[in-house]
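Notes follow once the structure below has been shown.
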Amino acid sequence: MKFSDSFETILVLTVTIFLMFYRVFLASDEEIRSRLRISTELSRIDYFAHFISPNTTKILSTPKNICPNQATEIDIVCYVIVKNDDFHSREAIRNTWANRKKFPFVNTFFVVGISRNESLDKLVVNENEKFGDLLISDFVDSYRNLSYKSITAWKWMSESCQKAKLYVKANAGLLVNFNSIRASLKQNSFQSNSFFCQVMAEQRVDREKSSLYYTPYSEYSNNFYPKYCKNQGTIISNDLVSKLYQGSNKNKNFWLDDINTGIIASHLKISYQFSNGRHIVFKLFEKSKRSFDKFFFVYGLEGSKDLYELWKRIERS
């Protein structure tokens with residue numbers, strides 16, 4: 003080997019090693035944060051980093067057609083927790099229980115994050131330009147970031163949807179009966195400073211390391227979680243949204259969305275109204291002959307096909 007060839011090889015190796023050290027040790031804070039975010043999403047080991055800070059998130063795009071006039075009082079505002087790539091569920095919900103023509107007294111919007119796919123994110127932005135009902139924030143849209151969705155929804159509603167008489171939290175596996183909820187609202191059936199939901203109490207913290215819900219003592223020292231609402235449809239009194247958002251800024255936020263809300267609620271001394279049979283699982287409702295009017299939520303739907311089939315049955319009845 004000639005000396006020049008050897009020198010070139012050594013030079014290339016030196017430059018390569020320098021660049022590697024630069025990327026690892028001298029990268030900007032933003033690059034490091036970006037790498038850590040990606041690492042957290044992809045690595046099972048990082049599942050122990052359960053606590054989040056709402057102050058690190060930014061709202062990128064708001065639902066322009068929701069609460070367009072702050073001076074106008076709205077009966078119900080509903081926010082739907084849904085994956086950003088779940089276009090079918092959003093379309094099905096718009097065509098069924100959140101149809102604006104059928105339920106003009108309700109404003110429903112969807113809460114999503116961003117992906118690592120630029121093409122997908124553009125489709126979501128285009129969807130919001132068309133329908134004006136998406137709240138898009140800059141966190142990675144994943145199961146482990148669900149708490150971000152509720153927190154950003156509370157933030158935006160407390161600033162832009164303050165006139166609602168009632169708030170509803172839903173997800174893609176639900177069918178919401180707004181007519182029944184509104185009828186109960188007119189009868190003053192919902193208490194202030196409270197959730198109306200399927201209440202979970204005395205739930206033991208999962209310490210099994212192989213479990214998806216594993217939580218070490220360092221992250222949550224109590225053996226039982228505080229009381230919380232199961233993610234099967236929750237009605238929130240109109241005085242709570244601002245309190246919940248403020249509470250999320252005062253305490254460490256837990257990654258499990260329903261439990262995180264329960265933790266915040268325990269600090270704020272929020273009360274609970276039990277469902278008392280107003281929730282029903284889809285398979286049971288499908289087999290029964292009970293009237294849809296008796297329920298606020300049908301839960302456990304597995305995709306838009308279930309929703310459309312159930313909606314057809316309800317419209318025929």
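Read in order, the letters of the sequence shown correspond to residues 3 to 319 in our numbering.
Backbone N, C-alpha and C define an ideal beta-carbon position, used for all residues, glycine too.
Which residues share a DSSP beta bridge with F112?
V82, L136
At what residues does the beta strand (DSSP E) containing K167 begin and finish?
166-173
Taking the straight line between their C-alpha atoms, what separation do you get for N130 and N225?
42 Å
Using 10 angstroms around the beta-carbon of P65, count the other beta-carbons present and answer buried if the total reaches 16, otherwise exposed.
buried
Distance CB(S160)-CB(S244) smaller than 7 Å:
yes
I think I78 touches F111, with their Cβ atoms under 8 Å apart; what is that distance to the nearest whole Å?
In fact, because the Cβ distance is near 12 Å, the residues do not count as touching under 8 Å.
Just list the beta strand (DSSP E) runs in the stretch 147-222, keeping only unbroken ones of 3 residues or longer that don't cross its boundaries, in chain order.
166-173, 176-178, 196-199
Which residues does DSSP pair with S273 in a beta bridge?
S196
So what's N130 in DSSP terms, helix, strand or just coil?
helix
If you follow the beta strand (DSSP E) that I316 is part of, which residue opens it and which one closes it?
Note, I316: premise wrong, no beta strand (DSSP E); alpha helix (DSSP H) at 306-318.
Report yes if the CB atom of L407 is closer than 7 Å to the CB atom of D87, and no otherwise.
Outside the displayed span of the chain (3 to 319) sits residue 407, for which this structure offers no information.
Reference K252, options S268, Q205, N97, closest by Cα:
S268
In angstroms with no decimal places, state the Cα-to-Cα distance between S117 and D143.
6 Å
Of the residues N179, Y227, N255, which one's Cα is nearest the Cα of Q234?
N179
Terminal residues of the beta strand (DSSP E) in which Y301 lies:
299-301
Alpha carbons only, please: which of L303, N195, L258, G279 is nearest the one belonging to I153?
L258
I'd like to know if the stretch 182-191 and the stretch 306-316 are in contact, where contact means that at least 3 CB-CB pairs between them fall below 8 Å.
no
By Cβ distance below 6 Å, which residues in the same chain neighbour L176 in space, the five residues on each side in sequence not counted?
G235, F299, Y301
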